[in-house]
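Add 11 to the 1-based position in the sequence shown for my numbering, that's all there is to it. Down below is the structure, laid out as structure tokens.
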Amino acid sequence: MTEKQATVLVVTALDEIAWLLNMRGSDIMCNPVFFSYVVLTMDAVYLFIDNAKLGKDALDHLKDDDSDSLTSVVYHEYDQLGEILPSLIANTTGKIWISNRSSYALVSLVSNVSRISDMSPIQLLKAVKNPVEVEGMRQSSIRDSAALCEYLHWLESEVPKGNVTEISGANRLLEFRK
Numbered sequence: 012m013t014e015k016q017a018t019v020l021v022v023t024a025l026d027e028i029a030w031l032l033n034m035r036g037s038d039i040m041c042n043p044v045f046f047s048y049v050v051l052t053m054d055a056v057y058l059f060i061d062n063a064k065l066g067k068d069a070l071d072h073l074k075d076d077d078s079d080s081l082t083s084v085v086y087h088e089y090d091q092l093g094e095i096l097p098s099l100i101a102n103t104t105g106k107i108w109i110s111n112r113s114s115y116a117l118v119s120l121v122s123n124v125s126r127i128s129d130m131s132p133i134q135l136l137k138a139v140k141n142p143v144e145v146e147g148m149r150q151s152s153i154r155d156s157a158a159l160c161e162y163l164h165w166l167e168s169e170v171p172k173g174n175v176t177e178i179s180g181a182n183r184l185l186e187f188r189k
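Dropping the structure here:
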């Protein structure tokens, strides 16, 4: 943020918020994300979320245990972003970094002069993988490739018999992948 002279970063992508906070949710089926917004400043993290969804474990996870920490988490209700963001913007001297993929309602709160619309720094950081993650992806690809080979072998022998439907084939592939 310093490099871009930004003092506020508005994060609206749910996967980036989950990654940034190292938290998972279940608001969207089959996606480990939760409805929220995050606004980062140089001295605070503002989390806009349905506070009823924050259990003790989540609050403990976000609690600032480091007395030397420069940031703290400030909680607001999910629907308060439109009310609070303008005051945060008004009280900042630097630029505001907000993705151009954010909603028009939020992007329009930031003037063109003070807006940075580049790719989110969180998106760039998510792309960097450590050796354990790289090895996990490699092993996962090997397992999936083996399952796909087994499936293709099964498919070659079963299709001529006329017993394979799209659904039975998909189910069989799922079995091989388990």
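Idealized CB from N, CA, C, for every residue including glycine. Since this is a predicted model, take the numbers as computed values, not measurements.
Cβ distance (whole Å) where residue i is taken to contact residue j below 8 Å
i            : j              : result
leucine 20   : tryptophan 108 : 5 Å
glycine 105  : threonine 18   : 3 Å
serine 83    : alanine 55     : 6 Å
arginine 183 : tryptophan 165 : 6 Å
Alpha-carbon to alpha-carbon, residue j and residue i
i                : j              : result
valine 143       : asparagine 42  : 22 Å
aspartate 26     : isoleucine 95  : 22 Å
asparagine 111   : glutamate 146  : 33 Å
arginine 126     : isoleucine 133 : 17 Å
serine 113       : aspartate 71   : 29 Å
serine 128       : asparagine 174 : 54 Å
methionine 53    : lysine 15      : 13 Å
phenylalanine 46 : histidine 87   : 13 Å
valine 170       : isoleucine 153 : 25 Å
asparagine 141   : methionine 148 : 11 Å
valine 85        : leucine 65     : 13 Å
threonine 13     : alanine 69     : 29 Å
tyrosine 48      : aspartate 38   : 14 Å
aspartate 61     : leucine 159    : 42 Å
glutamate 177    : methionine 40  : 24 Å
tyrosine 57      : valine 44      : 17 Å
asparagine 102   : leucine 136    : 28 Å
serine 122       : leucine 32     : 28 Å
lysine 74        : glutamate 167  : 56 Å
phenylalanine 59 : serine 131     : 18 Å
leucine 51       : isoleucine 28  : 11 Å
lysine 172       : serine 151     : 32 Å
Element boundaries [beta strand (DSSP E), containing residue i]
i         : result
serine 47 : 47-52
valine 19 : 17-22
Where residue i sits in the DSSP three-state scheme
i          : result
valine 175 : coil
alanine 63 : helix
valine 44  : coil
Unbroken alpha helix (DSSP H) run spanning residue i, endpoints
i          : result
alanine 69 : 67-73
alanine 29 : 25-32
- Curious, which full-length beta strand (DSSP E) runs of at least 3 residues does the segment 87-157 contain? 106-109
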